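Heads up, the thing below is written out as structure tokens.
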Amino acid sequence: MSDDEFLPYQRFPNATVAQPLLELLYAHNIETQTRLLQPAFDVSFAFNETNRYFQVLLRPADFARAQALEQQAAEALTADLPADYYLFAFSSSELHDILLRPDEWSALDVALARRLLAERGEAISPARLEELRQQRLADLARPEPRQTRGVVAGYILALLGGFFGLLIGWHLYAHGRQLPDGRRVPAFQPTDRAHGLRIVVLSSSILVALLGWYFYRELL
11 MSDDEFLPYQ RFPNATVAQP LLELLYAHNI ETQTRLLQPA FDVSFAFNET NRYFQVLLRP
71 ADFARAQALE QQAAEALTAD LPADYYLFAF SSSELHDILL RPDEWSALDV ALARRLLAER
131 GEAISPARLE ELRQQRLADL ARPEPRQTRG VVAGYILALL GGFFGLLIGW HLYAHGRQLP
191 DGRRVPAFQP TDRAHGLRIV VLSSSILVAL LGWYFYRELL
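Under the numbering used here, the first residue of the sequence shown carries the number 11, and numbering increases by one thereafter.
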């Protein structure tokens, strides 16, 4: 992954909802790219607008700075929230849970959770927040459990013809996930990825052999 490559940072229902973030990033000279995402094929033929997303992309090196700017802006907004804002009814345990998984919540909710905990005498220090962030990144980076069935299926399909085995092998070898800090990590364990590469090689070899045999027969 190149440092100049733009990666997904956040997605929104539409461009209007994304404008506050874009304005914040522009004001601090953080270069962005945007794109509209929608399914390549709508099986319902309904062309539902809710299936479309407006996505903001950043360079990985800008993720931490953008998140810090969002958090600062969110902290300023917490004082103006209405009294019936749903987070005010959360227990301390639920607020701690927000800080454990900040990537699942908005910057405003994270800032408010931290403020409410402080008001309840349970303030979270910056050092503790960083510790929680690193713990969350480590949890998200942890690869999936062993893919024994997928590996076996990949070898069987590779031997039966190659194409579907090739797809399974490539998935095991190359599939990854993006972390909140912009890093991309493999989704599967090294052993399964090694099997995936072997399945790709085996599938490709058998596929080439079958195609060669087919064309050889046609020439006879």
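For every residue, glycine included, the Cβ atom is placed at its ideal position computed from N, Cα and C.
Keep in mind that this is a model prediction, so the values were computed, not measured.
- Task: Please name the residue, chosen from Trp-223, Leu-207, Thr-44, that lies closest to Ala-28 on a Cα-to-Cα basis.
- Result: Thr-44
- Item | Residue burial classification, Arg-203 (beta-carbon count within 10 angstroms, cutoff 16) | buried
- Message: Assuming contact is defined by CB atoms lying nearer than 8 Å, are Leu-169 and Val-210 in contact in what I supplied?
- Response: no
- Is Ile-216 near Gly-172, with beta carbons less than 8 Å apart? yes
- Query: From what residue to what residue does the alpha helix (DSSP H) around Gly-175 run?
  - Reply: 173-184
- Message: Does the structure place the segment 13-23 close enough to the segment 68-84 that three or more beta carbon pairs sit under 8 Å?
- Response: yes
- Pro-153 to Val-161 span [Cα, whole Å]: 15 Å
- Could you pull the start and end residues of the beta strand (DSSP E) that Arg-21 belongs to? 17-22
- Local Cβ density within 10 Å of Glu-105, reported as buried at 16 or more and exposed below that: Reading off the sequence shown, one finds Leu at residue 105, where the question assumed Glu. Answer is buried; the Cβ neighbour count reaches 16.
- Item | C-alpha distance - Arg-247 paired with Tyr-165, whole-angstrom precision | It is not possible to answer for residue 247, since the shown part of the chain is limited to 11 through 230.
- Message: According to DSSP, simplified to helix, strand and coil, what is Gln-95?
- Response: First, the residue type needs correcting, since residue 95 is Tyr and not Gln in the sequence shown. If DSSP states are grouped into helix, strand and coil, Tyr-95 belongs with coil.
- Task: Could you spell out the range, first to last residue, of the alpha helix (DSSP H) harbouring Arg-138?
- Result: 136-151
- Where does Asp-94 land, buried or exposed, given buried means 16+ other C-beta within 10 angstroms? exposed
- Thinking C-alpha only, which one of Arg-159, Gln-144, Arg-62 is nearest Pro-112? Gln-144
- Query: Alpha carbon to alpha carbon, how far is Ala-219 from Arg-227?
  - Reply: 12 Å
- Item | DSSP-derived helix/strand/coil call for Pro-196 | strand
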